[in-house]
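Chemist: Please read through the structure below; I'll follow up with questions.
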Amino acid sequence: DAGITQSPRHKVTETGTPVTLRCHQTENHRYMYWYRQDPGHGLRLIHYSYGVKDTDKGEVSDGYSVSRSKTEDFLLTLESATSSQTSVYFCATSLAGASEQFFGPGTRLTVL
Amino acid sequence: GIQVEQSPPDLILQEGANSTLRCNFSDSVNNLQWFHQNPWGQLINLFYIPSGTKQNGRLSATTVATERYSLLYISSSQTTDSGVYFCATTQGGSEKLVFGKGTKLTVNP
Chain A
201 DAGITQSPRH KVTETGTPVT LRCHQTENHR YMYWYRQDPG HGLRLIHYSY GVKDTDKGEV
261 SDGYSVSRSK TEDFLLTLES ATSSQTSVYF CATSLAGASE QFFGPGTRLT VL
Chain B
447 GIQVEQSPPD LILQEGANST LRCNFSDSVN NLQWFHQNPW GQLINLFYIP SGTKQNGRLS
507 ATTVATERYS LLYISSSQTT DSGVYFCATT QGGSEKLVFG KGTKLTVNP
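Chains as they are written, first to last, in the working numbering: chain A, 201 to 312; chain B, 447 to 555.
Below, the structure is given as structure tokens:
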């Protein structure tokens, strides 16, 4: 599997505070993705990146922003967290677009 | 957008039994993938199978893109097979994977 780490692994925060989640990969994969997983909804794509500084929106992008300043790091930012953003967030990578994806361990975020 | 339906939603087996999980799509697809999420939440890619059949140990998968479905076979199931199985695919030239809601498998000893 690709070497993918996520930080933090768990976070509790309050409504209205900014939150940044980090995804780091050591496989030199071009594509990186952020998903959220919620009961009854499965996995839904938030944003993805197809190269340094190149990003695009997914299915549930409202309230989230991303940045990718180097190949190995992909950041997900919640500018002002809301309780509806309580979820488990997964990062994934792939060598090429729509090719085999590999997932990180996930970050459990609770917004109170 | 494409709809991905998985069946059954839940499946309970005794250790040693065989099972078949199904994934149906609403339109033609490419880049079909199967994932296993273990009880601790880790997602593992099982198969990248846009068409045809692949086997990996006790697991095998078949995708018939023209008929809009894929099957995952688990033979001689073990308790470690428990978890949720997801299929996911892209459509057309899209690079975005769309996931089904998963099949929750419980294998009892």
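Note that beta-carbon positions come from the ideal geometry of N, C-alpha and C, so glycine has one too. Fair warning: this is a prediction, and the values are worked out from it, not measured in the lab.
Under 8 Å between the Cβ atoms of N476/B and P496/B?
Modeler: Stepping through the second sequence from its first residue, residue 476/B is reached at position 30. Stepping through the second sequence from its first residue, residue 496/B is reached at position 50. Yes, Cβ-Cβ distance for N476/B and P496/B is below 8 Å.
Chemist: Using the beta-carbon count (16 or more within 10 Å), is T512/B buried or exposed?
Modeler: Position 66 of the second sequence, counted from the first residue, corresponds to residue 512/B. It counts as exposed.
Chemist: Closer than 8 Å, Cβ to Cβ, to anything on chain A: give me those residues from the stretch 485 to 514 of chain B, in chain order.
Modeler: Against chain A - using a Cβ distance shorter than 8 Å - the residues of the stretch 485 to 514 of chain B are G487, Q488, L489, I490, N491, Y494.
Chemist: If you compare alpha carbons, which of R504/B, G487/B, Q537/B is closest to A463/B?
Modeler: On the second sequence, position 17 is the one that residue 463/B refers to. Of the candidates R504/B, G487/B, Q537/B, the one whose C-alpha sits nearest the C-alpha of A463/B is R504/B.
Chemist: For the stretch 259 to 273 of chain A against the stretch 202 to 210 of chain A, do three or more pairs of beta-carbon atoms, one drawn from each stretch, fall closer than 8 Å, so that the two count as touching?
Modeler: The stretch 259 to 273 of chain A is not in contact with the stretch 202 to 210 of chain A.
Chemist: At 3 residues or longer, and completely inside the stretch 467 to 496 of chain B: list those beta strand (DSSP E) runs for me, N to C.
Modeler: Entirely contained in the stretch 467 to 496 of chain B, the beta strand (DSSP E) runs reaching 3 residues are, in chain order, 476 to 483, 489 to 494.
Chemist: To the nearest angstrom, report how far apart T499/B and T508/B are at their CA atoms.
Modeler: Locating residue 499/B in the second sequence gives position 53, where the first residue counts as 1. Locating residue 508/B in the second sequence gives position 62, where the first residue counts as 1. One C-alpha to the other measures close to 4 Å.
Chemist: Going straight from the alpha carbon of S522/B to that of E461/B, what length do you get?
Modeler: Mapped onto the second sequence, residue 522/B falls at position 76. Mapped onto the second sequence, residue 461/B falls at position 15. Their backbone Cα atoms lie some 7 Å apart in a straight line.
Chemist: Answer with buried or exposed for D238/A, where buried requires no fewer than 16 other C-beta atoms within 10 angstroms of its C-beta.
Modeler: The sequence position of residue 238/A within the first sequence is 38, counting from 1. It counts as exposed.
Chemist: Enumerate in chain order the residues of its own chain whose CB-to-CB distance from G216/A is below 6 Å, with the five nearest sequence positions on each side excluded.
Modeler: Your numbering for residue 216/A matches position 16 in the first sequence. So the qualifying residues of the chain are S280.
Chemist: Can you tell me where the beta strand (DSSP E) with T277/A in it begins and where it stops?
Modeler: Stepping through the first sequence from its first residue, residue 277/A is reached at position 77. Unbroken beta strand (DSSP E) run through T277/A: 273 to 278.
Chemist: Among the residues of its own chain, which have a CB less than 6 Å from the CB of S472/B, if the five just before and after it don't count?
Modeler: Counting from one through the second sequence, the residue named residue 472/B turns up at place 26. Excluding sequence neighbours, S472/B sits near I448, Q449.
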